[in-house]
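Novice:
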Amino acid sequence: MTTEPLFSIPRSSELETVTIRFEGKAMTVPAGVSVAAALLVGGVHDFRSSVVGQAPRAPYCMMGVCFECLVEIDGVPARQSCIVTVQDGMQVRRQLGAASLDDVSSGEES
Amino acid sequence: MSNHSMTVVGGGLVGAAIAYGAARAGMRVRVLDQGDAAFRASRGNFGLVWVQSKGGKLPRYARWSRDAVKLWPALQKELLELTGVDAGLRQSGGFWLGFSDAEMRARFDLLEGVNRTVGDIPFQIMDACELRQYLPGIGRAVVGGSFCPLDGDANPLMLLHGLHAGLRHKGAEVTTGVDVKQIRYDAANGLFDVVASDGQRWKSERLVLAAGLGNAQLAPQVGLHAPVTSTRGQVLITERLKPFLNYPMNKLRQTCEGTVQIGSSSEDVGLDDGTTTEIIERLARRAVATFPALSRARLVRAWGALRPLTPDGFPIYQASVSCPGAYVATSHSGVTLAAAHCFVIGPWTCGLTETPPEFDVFLGDRFSDPHASFSHDH
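As they're listed, the protein sequences go chains A and B. First residue of the first sequence: -15, per my numbering; consecutive thereafter. First residue of the second sequence: 11, per my numbering; consecutive thereafter.
Structure (structure tokens):
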């Protein structure tokens, strides 16, 4: 899943970093970048499986439009990783198919 | 300049379906379609294949809609086999939901009246408890609903794509980016001369006007009357979600790809096809009241689109008397009526079949009386 990264961010001694987890594996990534950028720099190519064909998908537009970069972040499904900034301790998982509304009968306070 | 047997002005769902119906009947057809600057009602609609509650004030329209949805499976199958395009027809029945006892009573009266007058449009009224067996997760605000087994939905973009692919298969020519300005009828030779704003022109023996809003300007040039105006509908789109809605509803449906479409609104705003915060908020509130779990769904876009509507909301189908061979067709139900437009109106505009029975109710001339008043709110 994690292979040679296609992207890199120039390293400097004062670069601040945070640690996130992708599929449980710790990754030290630059602070202040988007989750999508952090994962790409970390060598992640396969962000999610598509809804209809279950094909692997990766970010495309990197500006919040195409919805190709969806991942689960801290238990919330189908978040656009290109417009969410990394936070220390974030738990990121691949988005497998469509998000679920879980129990559709819940949601109304009784 | 070229000669074709039939020119269809308008390549949206109405024009494409009629043109395809004519082409499969053997007619040499040319379709003239506008560019992307046009209002493109066929690219913004909701995708219902719907009968229940249609034609409460006009039984012939209820019958026309009923017959149209019964023809739909044949169109779905033909397009799939011919072009490989799946128009996405699902006809497992559909629901309307009521939010008050008064609404439920009015609904029963309407559907009972239509079924009694027209026949073979069965329906079932359900209370909230029974509804939950079919639609788990409806909110407490929903007091009941009506079900019609004839109802369903389709993918309107794939239908349009399939009709255009079918047109190519049948040898029809589709010319896009054409803004038709003028139509002349050469009575001596029985030819229509269609002139575009850029000077291009096409001649044909037959002419079908299916130009949506454009019909208002074009129809009078061939002795027809089609005062088409518009109302705007706004639609909200959620992210793709795992299937949880087993049936389409008239204001909410989940596509087979998982998107939930939320409608419906109707505003008289002229040619403004934008969106407004006020309407989108109302649509979102009603959707969450209907299915509270939708409060957890993310919305990804919204759009407005213009319904090409006649003053009474019913279609116009008319053959010209002064310019034989010219026809006008206008309807805002391009998805529901697609198969009827293909299999019935198509051959009719070729001159191969008689005018369908009791079609005088669809004459555009009904709007010529300056003292009549109309309402399309039904």
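C-beta: ideal position from N, C-alpha, C; glycine also.
(1) Since L255/B and A294/B are thought to touch, with beta carbons under 8 angstroms apart, how far apart are those beta carbons, to the nearest angstrom?
(2) Counting only Cβ pairs nearer than 9 angstroms, list the residues of chain B close to S18/A.
(3) Would you list the one or two residues that DSSP bridges to D137/B?
(4) Given a threshold of 16 other Cβ atoms within 10 Å of its Cβ, counted over all protein chains shown, does F(-9)/A qualify as buried or as exposed?
(5) Tell me the DSSP secondary structure of F178/B in three-state form.
(6) Roughly how many whole angstroms lie between the Cα atoms of G344/B and T363/B?
(7) Could you tell me the distance, in whole angstroms, from the CA atom of R32/A to the CA atom of Q64/A?
(8) Name the chain B residues that come within less than 8 angstroms of L80/A, Cβ to Cβ?
(9) Below 8 angstroms on C-beta distance, what does K252/B contact in chain A?
(10) Label G263/B either buried or exposed according to how many other C-beta atoms from any shown protein chain fall within 10 Å of its C-beta, with 16 as the threshold for buried.
(11) Just tell me which of G108/B, S330/B, G123/B and G54/B has its CA closest to the CA of H235/B.
(12) Taking S332/B as the reference, give the member of A303/B, D196/B and G280/B with the closest Cα.
(13) In whole angstroms, give me the CA-to-CA distance for R73/B and T239/B.
(14) CB-CB under 8 angstroms to G103/B, same chain, minus the five flanking residues each way: which ones, in chain order?
(15) Report the three-state DSSP secondary structure of A20/A (helix, strand or coil).
(16) Mind listing, in chain order, the continuous alpha helix (DSSP H) runs of no fewer than 4 residues lying wholly within the segment 21 to 101 of chain B?
(17) Runs of 3 residues minimum, wholly inside the segment 233 to 286 of chain B: which ones carry the beta strand (DSSP E) assignment?
(18) Using Cβ-Cβ distances below 7 angstroms, what residues of the segment 45 to 73 of chain A are close to chain B?
(19) By DSSP's criteria, Q192/B is part of a beta bridge. Which residues make up the other side?
(20) Answer yes or no: do V184/B and Q192/B have a C-beta to C-beta separation smaller than 8 angstroms?
(21) Measure the alpha-carbon distance for I326/B versus G374/B and round it to whole angstroms.
(22) In the DSSP output, what is T185/B paired with across the bridge?
(23) For S52/B, does the count of other Cβ atoms within 10 angstroms reach 16, so buried, or fall short, so exposed?
(24) Near L201/B, which residues of its chain fall below 6 angstroms by C-beta distance, leaving aside the five closest residues on each side in sequence?
(25) Can you give the Cα-Cα distance for C50/A and R308/B, rounded to whole angstroms?
(26) Excluding the five sequence neighbours on either side, which residues of its own chain have a C-beta within less than 8 angstroms of the C-beta of A303/B, listed in chain order?
(27) Does the beta-carbon distance from V100/A to V13/A come in below 8 angstroms?
(28) Please check if any C-beta of chain B sits within less than 8 angstroms of the C-beta of V76/A.
(29) Exposed or buried, which one is E288/B when buried takes at least 16 other CB atoms within 10 Å?
(30) With 8 angstroms as the threshold, decide whether the Cβ of S89/A is near any Cβ in chain B.
(31) Can you pull the chain A neighbours of V310/B, defined as C-beta to C-beta under 7 angstroms?
(32) Which residues in chain A have a C-beta closer than 7 angstroms to the C-beta of A307/B? List them in chain order.
(33) Rounded to whole angstroms, what's the CA-CA distance from H171/B to F49/B? Just pull it up for me.
(34) Label L(-1)/A either buried or exposed according to how many other C-beta atoms from any shown protein chain fall within 10 Å of its C-beta, with 16 as the threshold for buried.
(35) To which residues of the same chain is S207/B closer than 7 angstroms at the C-beta, ignoring the five residues directly before and after it?
(36) From this set, Y337/B, E140/B and A226/B, which residue's C-alpha is nearest C360/B's C-alpha?
Specialist: Taking the coordinates as given:
(1) Actually they do not touch by this definition, with Cβ atoms about 16 angstroms apart.
(2) Here the premise fails: no neighbours, minimum Cβ distance about 17 angstroms.
(3) G154/B
(4) exposed
(5) According to the sequence as given, residue 178/B is Arg; it is not Phe. It is helical.
(6) 21 angstroms
(7) 11 angstroms
(8) Within chain B, no residue comes near L80/A; the closest Cβ sits about 10 angstroms away, beyond 8 angstroms.
(9) G81, A82, A83, S84 and L85
(10) One detail in the question is off: residue 263/B reads as Arg in this sequence, not Gly. Per the 10 Å Cβ criterion, buried.
(11) S330/B
(12) D196/B
(13) 24 angstroms
(14) F157, C158, P159, L160, D161, G162 and Y257
(15) helix
(16) 23 to 34 and 69 to 93
(17) 239 to 250, 262 to 264 and 269 to 272
(18) F51 and A62
(19) V205/B
(20) no
(21) 5 angstroms
(22) L42/B
(23) buried
(24) K213
(25) 14 angstroms
(26) G147 and F254
(27) Because chain A is modelled from -15 through 94, residue 100/A falls outside the range shown and cannot be assessed.
(28) no
(29) exposed
(30) yes
(31) F51
(32) L85
(33) 17 angstroms
(34) exposed
(35) D189 and K191
(36) Y337/B
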